[in-house]
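Student: Protein chains in written order, with this note's numbering: chain A, 1 to 146; chain B, 1 to 146. Here a beta-carbon is modelled for each residue, glycine too, at the ideal position from N, C-alpha and C. Quick caveat: nothing in here was measured; it's all calculated off a predicted structure. The structure is given below, and queries will be raised subsequently.
Protein chains: 2
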Amino acid sequence: MSQQKPAAGMESKCPITSALEVFGDKWSLVILRDIFFKGKNHYREFLASPEGISTNILASRLKKLEAEGLIDKRPDEANLSSYLYTLTDKGKNLLPLLLEIVKWSARYNPQPHAGDNIIAGAPARLLERYEEDREQLIEEVLGALE
Amino acid sequence: MSQQKPAAGMESKCPITSALEVFGDKWSLVILRDIFFKGKNHYREFLASPEGISTNILASRLKKLEAEGLIDKRPDEANLSSYLYTLTDKGKNLLPLLLEIVKWSARYNPQPHAGDNIIAGAPARLLERYEEDREQLIEEVLGALE
DNA sequence: ACTCCCACTTGTGTTTTGCAAGTGCTTGCG
DNA sequence: CGCAAGCACTTGCAAAACACAAGTGGGAGT
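Following this line, the structure appears as structure tokens:
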């Protein structure tokens with residue numbers, strides 16, 4: 001079920017192409033960002049993101065991300081009528097990629113000033129730390145997910 | 001500063017969202033990959049990639065990438081009826097991001113064996129070098145673009 | 001002048017996405 | 001219990017993006 005294999009008879013693909021098949025769409029990385037940097041875990045929280053993902057697209061993306069093994073879905077013990085979406089190791093290992101995106105974007109697509117989230121709100125400090133001590137920053141962000 | 005709610009039509013965007021608006025589609029990174037790793041520079045070369053991009057989509061992506069300042073378009077001095085598409089500095093600085101994708105993909109989406117391109121063909125060696133001496137690898141790939 | 005090659009554009013059908021509304025299960029409350 | 005409210009979706013339909021095939025116009029070669 002969680003096994004990912006190249007379809008039979010399929011041309012072998014380059015790493016970039018196969019990665020794009022997993023998260024190379026408009027919404028997957030936004031969802032992962034919400035988990036990594038905003039501490040979101042619920043369907044309703046992803047829906048509330050300012051980008052405004054549609055309910056059907058969100059549902060299908062969560063299903064796909066789970067099928068690809070990037071996230072796990074389980075009942076929320078604290079609220080039995082809802083579910084928790086959390087990163088698997090495979091998903092967590094996308095953090096360096098996300099940080100490279102933030103780094104590039106901070107350099108070339110500077111934003112005026114944003115409010116209430118770690119990456120939009122404090123990219124400069126985050127990136128400073130990224131340059132200084134990348135590994136520890138990664139550990140720290142991952143630690144905050146628990 | 002005061003926290004700013006996303007006002008109608010003018011919400012401040014996070015670095016990830018704004019980056020995805022630039023290259024977060026099915027084809028942009030494939031085109032950039034062709035330039036970075038396959039040394040391609042012509043419309044017809046991008047068209048010949050095994051992924052099979054459509055002519056209209058390729059044209060629109062090249063236009064968009066140029067508009068975003070990731071690539072330059074200029075006449076090919078060696079063949080005046082065609083154009084060269086080359087990376088700008090802004091585009092070149094996406095290399096670390098591409099390499100992170102390759103790294104993640106090599107780890108979690110392993111490919112059997114591929115033929116004739118640097119990343120699909122020799123990801124292991126490339127990534128070994130990435131771990132050992134990231135900066136020099138980046139310099140080297142960029143140097144090969146000249 | 002005629003034919004290639006080249007970088008596109010145009011037209012048409014299909015797939016993906018966006019939006020609004022609805023569904024079914026669960027929970028809290030009188 | 002009965003009922004409303006919250007939750008995670010699903011469904012139906014319109015709009016947009018995309019794939020595919022064909023065509024266009026300019027330049028170069030012969």
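#1: Given Arg129(B), which residues of its chain have a CB within under 7 Å of its CB, disregarding the five upstream and five downstream residues?
#2: Between Gly52(B) and Ile101(B), what straight-line distance do the alpha-carbon atoms span, to the nearest angstrom?
#3: Mind reading off the beta-carbon distance from Ile71(A) to Trp27(A)? Whole number of angstroms is fine, and I expect it under 8 Å.
#4: For the segment 49 to 73 of chain A, which segments carrying the beta strand (DSSP E) assignment without a break, of at least 3 residues, lie completely within its bounds, in sequence order?
#5: When the Cα atoms are used, what is the spatial distance from Asp116(A) to Glu140(A)?
#6: Could you spell out where the alpha helix (DSSP H) holding Thr88(B) opens and where it closes?
#7: If you run the structure through DSSP and keep just helix, strand and coil, what is Pro96(B)?
#8: Thr17(A) CB to nearest chain B CB: under 8 Å?
#9: Within its chain, find whatever has a CB closer than 7 Å to the CB of Arg74(B); leave out the 5 residues flanking it on each side and keep chain order.
#10: Based on Cα-Cα distance, which residue from Leu32(B), Glu135(B), Leu142(B), Leu99(B) lies nearest to Lys64(B)?
#11: Going by beta-carbon coordinates alone, are Arg134(A) and Asn93(B) separated by less than 8 Å?
#12: Output the distance between the C-alpha atoms of Leu62(A) and Glu77(B), rounded to the nearest integer angstrom.
#13: I need the boundaries of the alpha helix (DSSP H) containing Asp34(B), first residue and last residue.
#14: Which residues, in order along the segment 31 to 46 of chain A, keep a beta-carbon less than 7 Å from a beta-carbon of chain B?
#15: What in chain B is Cβ-close to Gln136(A), meaning under 8 Å?
Tutor: For this structure:
#1: If the five residues before and after Arg129(B) are omitted, its C-beta is found closer than 7 Å to the C-beta atoms of Leu137, all from its own chain and listed in chain order.
#2: 21 Å
#3: The pair is not a contact, with the Cβ atoms about 13 Å apart (cut-off 8 Å).
#4: none
#5: Note that Asp116(A) has pLDDT 48, beneath the 50 cutoff, so the model's placement of it is unreliable and no number is given.
#6: Premise fails: Thr88(B) is in no alpha helix (DSSP H) and is neither H nor E.
#7: Residue state, collapsed to three classes: helix.
#8: yes
#9: Tyr83, Leu84, listed in sequence order.
#10: Leu32(B)
#11: no
#12: 49 Å
#13: 28 to 38
#14: Under the 7 Å Cβ criterion, the segment 31 to 46 of chain A contributes Arg33.
#15: Those do not exist, as Gln136(A) stays about 17 Å from chain B at its closest Cβ, beyond 8 Å.
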